[in-house]
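Engineer: Structure in structure tokens, see below.
Chains as they are written, first to last, in our numbering: chain A, 1 to 199; chain B, 1001 to 1246.
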């Protein structure tokens, strides 16, 4: 069963996502397309909203006295403060970081910054990120193992891919990620991807 | 000259439709553009329209941003080859600026803008082929594209144009009926019946106007919103009932 905006849904009160579900007159209504799994609403499409603790991937785009501005492909201005850093960053560096604070003016402050070596970034919708990671990270482990690549999935929808050695197949890893996005609503996706990577 | 044209003959309209039938084909598809966050394509009679939704993105220029809400920017544009009147013209016109405005104001009523403050949502509507009723078709496709983009909406909405030809209230006017009819009333409703858009030209009695409004809501609720629902279900048709593995 698929729910559309404005449809009445019966979900667990304690686990509601206040963006995907709207309360009106003691009833709950969906605001985005989704399904219900174990009385939890699972959105199939939702625009990214920053949450404290999310791990993101982004590029360094600007340096100011306060710190570095990061392009994350979202509506937020993300900043790495100078005091969070040991060394220096350069324009175009790819970093992974954790969201430590979301200010009222929609500025996001990052910590736990890690510089990643040169690699590729694949953009995916942020609502598909849980599927790319898989249950207990099973999907991402599978892709890493079969293609000899290192992956880092940002909650903002940037997937960072780099090769481990000369046998790595980066293009196959990208194709697998594109396939997961296309088929994200299907059951037993791990088996489908395993079959694809085995070819 | 206008009196010579009969738009209703033996209870049937020029293209053989009954009074409250919609034009055919009616095709709505989601996710047609790769680079947009959400997109929709609608074919309604001879109208062919593509809608792309981008965002939420940072607002540019920055001084336009709203500290409490997402702002919506909507651009309706007709291609140079879409109809005889627009032949060879390019860029915005008085008409396209007006339609962009009314569609934007309709969308502002259903988008839950408070969840994405200081951001901007862009809705680009391109009319590839026009045959009357493009603003209603554009609004319907824009709502479908917003659903596809995962923008939180209060509820679904749809639009239809009602009108009066040869003294009778009819639904979904075509080009000739629009040009030679007595009145044209594009209207948009939410699923619950809230009015989002209402424009009118020509003359109607009060009773005829309210009849058109009631019938318009019935058509939007039973046909247009159902078409959006079918389009979404078509996109996720396979094995959706099985448990998700998250």
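Don't be surprised by glycine CBs; every beta carbon is placed ideally from N, CA and C.
Using beta-carbon positions only, say whether residue 1153 of chain B and residue 1147 of chain B come within less than 8 Å of one another.
Structural biologist: Going by C-beta atoms, residue 1153 of chain B is nearer than 8 Å to residue 1147 of chain B.
Engineer: Report all residues from its chain with a CB closer than 7 Å to the CB of residue 1197 of chain B; omit the five preceding and five following residues, and keep chain order.
Structural biologist: Once the five neighbours on either side are set aside, the close Cβ partners of residue 1197 of chain B are 1102, 1106, 1139, 1159, 1186, 1187, 1188.
Engineer: In whole angstroms, what is the alpha-carbon distance linking residue 197 of chain A and residue 189 of chain A?
Structural biologist: Those two C-alpha atoms are separated by around 12 Å.
Engineer: Is the CB of residue 1140 of chain B under 8 Å away from at least one CB in chain A?
Structural biologist: By this cut-off, residue 1140 of chain B is not an interface position.
Engineer: Look at the Cβ atom of residue 1070 of chain B, then the Cβ atom of residue 1056 of chain B, and state whether they are nearer than 8 Å.
Structural biologist: Taking 8 Å as the Cβ cut-off, residue 1070 of chain B and residue 1056 of chain B qualify as a contacting pair.
Engineer: Can you grab the Cα-Cα spacing for the pair residue 100 of chain A / residue 1230 of chain B, in whole Å?
Structural biologist: Rounded to the nearest angstrom, the two C-alpha atoms are 41 Å apart.
Engineer: Using a Cβ-Cβ cutoff of less than 7 Å, which residues in the same chain neighbour residue 1037 of chain B once the five nearest sequence positions on both sides are dropped?
Structural biologist: Taken in chain order, the residues that qualify are 1053, 1054, 1055, 1149.
Engineer: For the alpha helix (DSSP H) containing residue 191 of chain A, name the first residue and the last one.
Structural biologist: It spans 189-198 - the alpha helix (DSSP H) in which residue 191 of chain A sits, taken as one unbroken run.
Engineer: Please confirm whether residue 1130 of chain B and residue 1083 of chain B have their CB atoms less than 8 Å apart.
Structural biologist: In contact: residue 1130 of chain B and residue 1083 of chain B (Cβ atoms closer than 8 Å).
Engineer: Tell me the rounded alpha-carbon separation between residue 202 of chain A and residue 49 of chain A.
Structural biologist: The question about residue 202 of chain A has no answer here: the residues shown for chain A are numbered 1 through 199.
Engineer: Going along the chain, which residues of the segment 1058-1069 of chain B sit with their C-beta nearer than 8 Å to a C-beta in chain A?
Structural biologist: Listed in sequence order: 1058, 1067.
Engineer: At the level of alpha carbons, what is the spacing between residue 1013 of chain B and residue 1028 of chain B?
Structural biologist: Approximately 24 Å, taken between the alpha carbons.
Engineer: Starting from the N-terminal side, write out each stretch of the beta strand (DSSP E) that is 3 residues or longer and does not extend beyond the segment 1030-1065 of chain B.
Structural biologist: DSSP runs (the beta strand (DSSP E)) wholly in the segment 1030-1065 of chain B: 1038-1044, 1047-1058.
Engineer: Give a yes or no on whether 8 Å exceeds the smallest Cβ distance from residue 1147 of chain B to chain A.
Structural biologist: By this cut-off, residue 1147 of chain B is an interface position.
Engineer: Between the segment 44-72 of chain A and chain B, which residues of the former have a C-beta closer than 9 Å to a C-beta of the latter?
Structural biologist: Taking 9 Å as the Cβ-Cβ cut-off against chain B, the residues of the segment 44-72 of chain A that qualify are 44, 45, 46, 47, 48, 49.
Engineer: Judging by CA-CA distance, which residue of B:1193, B:1191, B:1226, B:1072 is the nearest neighbour of residue 1123 of chain B?
Structural biologist: Considering only alpha carbons, the answer is B:1072.
Engineer: For residue 165 of chain A, is the classification buried or exposed, using 16 other Cβ atoms within 10 angstroms of its Cβ as the cut-off for buried?
Structural biologist: Answer is exposed; the Cβ neighbour count stays below 16.
Engineer: How would you call residue 152 of chain A, buried or exposed, if buried means at least 16 neighbouring beta carbons within 10 angstroms?
Structural biologist: Answer is buried; the Cβ neighbour count reaches 16.
Engineer: Compare the C-beta of residue 1244 of chain B against all C-beta atoms of chain A and say whether one is closer than 8 Å.
Structural biologist: Reliability of the predicted coordinates at residue 1244 of chain B is poor, the pLDDT of 45 falling under 50, and no value is obtained from them.
Engineer: Which one of B:1215, B:1141, B:1067, B:1136 has the shortest CA to CA distance from residue 103 of chain A?
Structural biologist: Taking only the C-alpha atoms, the option nearest residue 103 of chain A is B:1067.
Engineer: Any heavy atom of the ligand MG inside 7 Å of the beta-carbon of residue 1018 of chain B?
Structural biologist: With respect to the ligand MG, the structure offers nothing, as it holds no ligand at all.
Engineer: Using three-state DSSP, classify residue 123 of chain A as helix, strand or coil.
Structural biologist: Residue state, collapsed to three classes: strand.
Engineer: Give the list of continuous alpha helix (DSSP H) stretches no shorter than 4 residues that lie fully inside the segment 62-137 of chain A.
Structural biologist: If we require 4 residues or more, the alpha helix (DSSP H) runs fully inside the segment 62-137 of chain A come out as 129-133.
Engineer: Return the residue from the list B:1199, B:1045, B:1203, B:1109 that minimises the CA-CA distance to residue 1164 of chain B.
Structural biologist: When each option's Cα is compared against that of residue 1164 of chain B, the closest is B:1203.
Engineer: Can you name the residues of chain E whose CB is closer than 8 Å to the CB of residue 1153 of chain B?
Structural biologist: Reference to chain E is not applicable here, since the protein chains of this structure are A and B.
Engineer: Which of helix, strand or coil does DSSP assign to residue 207 of chain A?
Structural biologist: No information on residue 207 of chain A is available, as it lies outside the stretch 1 to 199 that chain A covers here.
Engineer: Let's test the definition: count the other Cβ atoms within 10 Å of the Cβ of residue 126 of chain A and tell me whether it reaches 16, buried, or not, exposed.
Structural biologist: That one is buried.
Engineer: Which ranges does the beta strand (DSSP E) cover as unbroken runs of at least 3 residues, wholly within the segment 1101-1142 of chain B, from first to last along the chain?
Structural biologist: Runs of the beta strand (DSSP E) inside the segment 1101-1142 of chain B: 1119-1129.
Engineer: Name the chain A residues whose beta carbon is nearer than 7 Å to that of residue 1191 of chain B?
Structural biologist: Neighbours of residue 1191 of chain B on chain A, chain order: 6.
Engineer: Ends of the beta strand (DSSP E) at residue 178 of chain A?
Structural biologist: Run containing residue 178 of chain A: none in the beta strand (DSSP E); it sits in the alpha helix (DSSP H), 170-182.
Engineer: Residue 65 of chain A to residue 80 of chain A, Cα distance in whole Å?
Structural biologist: So the two alpha carbons sit approximately 11 Å from each other.
Engineer: Tell me which same chain residues have a C-beta within less than 6 Å of the C-beta of residue 204 of chain A, skipping the five on either side of it?
Structural biologist: In the structure as shown, chain A begins at 1 and stops at 199. Residue 204 of chain A is therefore absent and cannot be evaluated.
Engineer: Please go through the same chain and pick out, in chain order, the residues whose beta-carbon is closer than 7 Å to the beta-carbon of residue 191 of chain A, but skip the five residues on each side of it.
Structural biologist: None.
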